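Enquirer: The opening position of the sequence shown corresponds to residue 3 in this note's numbering, with each subsequent residue numbered one higher. Once you've had a glance at the structure underneath, I'll fire off some questions.
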Amino acid sequence: RTLVEGNRLAVRLAEKEVKPNFSIGYAYMQRAGIGDMYGITFTTSLPIFKRNKQDRAIAEAAANLKSSQSMEANELTLLGYRVKQDFLEAQAADRLLRLYSQGILPQSTLALESSLASYETGAIDFLNVLSNFTTVLDYELGYHEQLAAHQKSLARLEELTGLELIR
3 RTLVEGNRLA VRLAEKEVKP NFSIGYAYMQ RAGIGDMYGI TFTTSLPIFK RNKQDRAIAE
63 AAANLKSSQS MEANELTLLG YRVKQDFLEA QAADRLLRLY SQGILPQSTL ALESSLASYE
123 TGAIDFLNVL SNFTTVLDYE LGYHEQLAAH QKSLARLEEL TGLELIR
């Protein structure tokens, strides 16, 4: 935003350069042995080369302003995209977390407990129990991976929006 404001001021300054400038000055010099010296100056600048110099300066400043406005619009679009992307990632991870915690993990734990009971009665071999145990571990790992993805998405959203999302 400061770049846009700076370029906006540069356009205004370039437009003011088209108008003539007048200045008045006063000078005083104290000299030893001779009288003091006084001077008055009057200067003016007339924009004689308006078509060559000032018009081009105005056009350049306007082009810089347009460029900085485009850059700002691009940054805002990119920021909006990143916020939307991180929000959707957090939302998807949240759904998967609920799926893991309410369905997959309890069912796989029950399957492991059932296979342990069947193993104790001799209905199945140890390989089935071990397979169910590794399945439970895989699902727990998936749950924690989704939890990490959810927290990272929320952290990125906090950074982008400046809002506190994680307590």
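Yeah, the Cβ is synthetic: ideal placement off N, Cα and C, and Gly gets one too. A quick note: this is a predicted structure, and the numbers were derived from the prediction, not measured.
Within the continuous alpha helix (DSSP H) that includes asparagine 23, where are the two ends?
Expert: Looking at the DSSP string, asparagine 23 is not in any alpha helix (DSSP H); the run it does join, the beta strand (DSSP E), is 23-31.
Enquirer: Going by beta carbon distance, what residues of the same chain come within less than 6 Å of asparagine 134, once the five residues before and after it are set aside?
Expert: So the qualifying residues of the chain are Ala113, Leu114 and Ser117.
Enquirer: Among Thr45, Ser120 and Gly37, which residue has its Cα nearest to the Cα of phenylalanine 24?
Expert: Minimum Cα distance to phenylalanine 24 is reached at Thr45.
Enquirer: The alpha helix (DSSP H) with glycine 8 in it runs from where to where?
Expert: Residues 4-18.
Enquirer: Touch check for the region 48-66 and the region 10-23: three-plus C-beta pairs under 8 Å?
Expert: With the cut-off at 8 Å, the region 48-66 and the region 10-23 touch.
Enquirer: Tell me phenylalanine 44's beta-bridge partners as DSSP assigns them.
Expert: Answer is Ile26.
Enquirer: Report yes or no: do the region 146-163 and the region 89-101 share at least 3 C-beta pairs separated by less than 8 Å?
Expert: The region 146-163, when compared against the region 89-101, does touch it at the 8 Å Cβ threshold.
Enquirer: Where does isoleucine 60 land, buried or exposed, given buried means 16+ other C-beta within 10 angstroms?
Expert: So isoleucine 60 ends up on the buried side.
Enquirer: Distance check for leucine 98 and threonine 123, CA to CA, integer angstroms please.
Expert: Roughly 36 Å between the two C-alpha positions.
Enquirer: In the DSSP output, what is methionine 39 paired with across the bridge?
Expert: Met31.
Enquirer: Answer with buried or exposed for asparagine 54, where buried requires no fewer than 16 other C-beta atoms within 10 angstroms of its C-beta.
Expert: Answer is exposed; the Cβ neighbour count stays below 16.
Enquirer: Hey, would you say serine 120 sits closer than 9 Å to threonine 137, going by beta carbons?
Expert: The answer is no: Cβ separation not under 9 Å.
Enquirer: Might you give, ordered along the chain, the residues of its own chain that have their beta carbon closer than 8 Å to the beta carbon of isoleucine 42, omitting 5 neighbours on each side?
Expert: Ile26, Gly27, Tyr28 and Ala29, listed in sequence order.
Enquirer: Does tyrosine 102 pass the burial test, meaning 16 or more other C-beta atoms within 10 Å, or should it be called exposed?
Expert: Classification for tyrosine 102: buried.
Enquirer: Since glutamate 19 and proline 49 are thought to touch, with beta carbons under 8 Å apart, how far apart are those beta carbons, to the nearest angstrom?
Expert: Yes, they are in contact, since the Cβ atoms of glutamate 19 and proline 49 sit about 7 Å apart, within 8 Å.
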